[in-house]
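Once you know that position 142 of the sequence shown is 147 in the working numbering, the rest is easy, because the numbers rise by one and skip nothing.
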Amino acid sequence: MVGVVGPTGNVIGDDLQLARLSPIQLSNYTPLRDLVFEAIREAIVDGTLKPGERLMEASLAEELGVSRTPVREAIRKLELANFVVMIPRRGAYVADISLKDVADVFEIRGALEALAAELAAERASEDEIERLERLLVEIGKAIEARNVELVVDLDTQFHDVLFSASRNERLGQILSLLREHIQRFRTLTLSNPARMRVALDEHRGLVEALASRDGQLARRLAAEHIESAENSLMELSFEGRHVREGAMSNGEGAPE
6 MVGVVGPTGN VIGDDLQLAR LSPIQLSNYT PLRDLVFEAI REAIVDGTLK PGERLMEASL
66 AEELGVSRTP VREAIRKLEL ANFVVMIPRR GAYVADISLK DVADVFEIRG ALEALAAELA
126 AERASEDEIE RLERLLVEIG KAIEARNVEL VVDLDTQFHD VLFSASRNER LGQILSLLRE
186 HIQRFRTLTL SNPARMRVAL DEHRGLVEAL ASRDGQLARR LAAEHIESAE NSLMELSFEG
246 RHVREGAMSN GEGAPE
């Protein structure tokens with residue numbers, strides 16, 4: 006296997022990008038460059054393309070069934086969105102996640118989720134609370150089946166219902182600006198089986214607070230849940246997995 010060195014010094018094999026992305030399904034309404042952008046961004050968010058991994062235009066174009074031009078355009082757009090870093094004379098790499106990235110996003114998310122939980126305790130319908138309870142059961146089954154992808158999807162649904170139950174559309178709109186980054190962090194943290202179970206217990210406590218219409222308790226538990234998720238992700242940095250100290254998203258620390 007021929008390997009290249011990523012911006013964080015990790016060796017990445019050229020064959021790692023083979024047959025992981027599905028061919029683009031053409032749309033009559035969406036430009037091809039936008040479809041390619043969404044496909045690559047989703048692969049970064051869900052962890053298919055790993056932090057520090059080199060993005061080879063030719064390989065991506067072949068996988069997606071398109072020419073290199075829309076791939077090149079997508080990579081440039083992803084760089085502007087801080088998902089990709091361009092290294093002079095080396096090419097494009099999936100941006101690493103820095104401790105600063107984690108702290109910034111979770112600081113905002115913690116405040117928004119705490120407010121959403123407090124409002125949901127006052128405004129959620131019985132159907133919404135029941136939906137959250139059903140999701141807890143489904144998450145538990147997915148954890149037992151060790152289906153990480155399903156756990157992440159169900160966890161996303163749980164938080165979406167929580168925000169919807171707050172009856173504050175602006176709140177959800179603000180959070181949506183960070184959605185891709187939150188989803189990327191969620192995928193990393195929930196890949197840890199121990200974190201899955203802790204998160205489930207935290208969700209249970211939150212739903213109990215919502216059901217009892219205790220807004221202050223719901224606010225506190227939501228804030229603690231987000232803090233716990235942040236701490237879990239921070240721990241990955243000390244294990245050398247995906248999260249690193251420093252400004253890795255702008256190419257600093259790249260090998261000469």
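We treat Cβ as the ideally placed atom computed from N, Cα and C, and that holds for glycine.
Just so you know, these numbers come straight off a predicted model, no measurement behind them.
For residue i, the residue or residues it bridges with in DSSP
{"i": "Leu-140", "result": "The partner list for Leu-140 (beta bridge, DSSP) is empty, contrary to what the question assumes."}
Close beta carbons around residue i, own chain, < 7 Å, minus the five adjacent residues each side
{"i": "Val-157", "result": "Arg-191, Thr-192 and Leu-195"}
{"i": "Ala-216", "result": "Ile-134"}
{"i": "Ser-254", "result": "Low local confidence applies: a pLDDT of 44 at Ser-254 is under 50, so the model's placement there is unreliable, and no value is given."}
{"i": "Arg-77", "result": "Glu-62"}
{"i": "Glu-232", "result": "Gly-115"}
{"i": "Val-71", "result": "Ile-29, Leu-37 and Val-41"}
Whole-angstrom distance between residue j and residue i, CA atom to CA atom
{"i": "Glu-174", "j": "Leu-120", "result": "13 Å"}
{"i": "Ile-45", "j": "Ala-79", "result": "8 Å"}
{"i": "Ser-130", "j": "Ala-48", "result": "35 Å"}
{"i": "Leu-83", "j": "Asn-197", "result": "27 Å"}
{"i": "Ile-144", "j": "Leu-159", "result": "6 Å"}
{"i": "Gly-220", "j": "Asp-39", "result": "41 Å"}
{"i": "Leu-85", "j": "His-186", "result": "14 Å"}
{"i": "Leu-222", "j": "Leu-124", "result": "11 Å"}
Supposed contact pair residue j and residue i - C-beta distance, whole angstroms, cut 8 Å
{"i": "Ile-102", "j": "Pro-56", "result": "6 Å"}
{"i": "Tyr-98", "j": "Leu-60", "result": "7 Å"}
Neighbourhood of residue i by C-beta distance below 8 Å, restricted to the same chain and skipping five residues each side
{"i": "Arg-209", "result": "Leu-141"}
Spatial neighbours of residue i in its chain, beta-carbon cut-off 6 Å, leaving aside the 5 residues before and after
{"i": "Arg-25", "result": "Thr-53"}
{"i": "Arg-218", "result": "Ala-126"}
{"i": "Phe-42", "result": "Ala-79 and Lys-82"}
{"i": "Leu-167", "result": "Ala-121 and Ala-125"}
{"i": "Pro-75", "result": "Leu-37, Arg-38 and Val-41"}
Chain D within 9 Å of residue i, Cβ atoms only
{"i": "Val-99", "result": "Annotation note: the requested chain D is absent from the structure, which comprises a single protein chain."}
Let me know the beta strand (DSSP E) ranges lying completely inside the segment 82-152, each 3 residues or longer, listed in chain order. 89-92 and 96-99
Complete runs of the beta strand (DSSP E) confined to the segment 16-71 [at least 3 residues]: 16-18
Give the list of continuous alpha helix (DSSP H) stretches no shorter than 4 residues that lie fully inside the segment 195-250. If we require 4 residues or more, the alpha helix (DSSP H) runs fully inside the segment 195-250 come out as 198-216 and 220-243.
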